[in-house]
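Count along the sequence shown from 1, add 14, and you get the number used in our numbering. Here the structure is laid out as structure tokens; the discussion comes afterwards.
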Amino acid sequence: MFSSWSLRARFLLATSVLTLVLCSVFAFAVHQFVELLEDELLHRTLVREMQELKTELSEYSQAPPPSSSD
């Protein structure tokens with residue numbers, strides 16, 4: 015089947031498939047990287063807010079619970 019195709023058609027098919035595979039792998043890698051960054055930033059935010067809460071509770075034992083819009 016492929017041997018009856020011209021060299022130009024086979025080259026374009028191979029190049030298209032390679033481009034599609036590389037773009038898919040790159041998109042997957044970028045998606046995973048963004049997910050990792052989101053998780054890390056969320057973790058840092060939670061740790062920071064818990065430290066602030068612990069500090070506030072130790073300083074002001076009668077303080078009302080914090081309300082955060084972040």
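The beta carbon of each residue, even a glycine, is placed where N, CA and C say it ideally should be.
If you draw a straight line from the alpha carbon of VAL39 to that of MET64, how long is it in whole angstroms?
-> Along the sequence shown, one-based indexing puts residue 39 at 25. Along the sequence shown, one-based indexing puts residue 64 at 50. So the alpha carbons of these two residues sit roughly 37 Å apart.
SER75 in three-state terms, based on DSSP = In the sequence shown, the residue the question calls residue 75 occupies position 61. In the structure shown, SER75 sits in coil (DSSP, three-state: anything other than H, G, I, E or B).
Return the CA-CA distance between LEU21 and LEU34, expressed in angstroms with no decimal places.
-> Taking the first residue of the sequence shown as 1, we reach residue 21 at position 7. Taking the first residue of the sequence shown as 1, we reach residue 34 at position 20. If you take the alpha carbons of LEU21 and LEU34, they lie about 20 Å apart.
Through-space distance from LEU36 to LEU27, alpha-carbon basis | The residue you call residue 27 lines up with position 13 of the sequence shown. The residue you call residue 36 lines up with position 22 of the sequence shown. Roughly 14 Å separates the two Cα atoms.
Going by beta carbon distance, what residues of the same chain come within less than 7 Å of GLN46, once the five residues before and after it are set aside?
-> Against the sequence shown, residue 46 aligns to sequence position 32. If we look at GLN46 and ignore the five residues flanking it on each side, it has no Cβ neighbours.
For SER18, I'd like the list of residues in its chain whose CB is within less than 6 Å of its CB, leaving aside the five on either flank, ordered along the chain.
-> Residue mapping note: residue 18 aligns to position 4 of the sequence shown, counting from 1. Answer for SER18: no residue qualifies.
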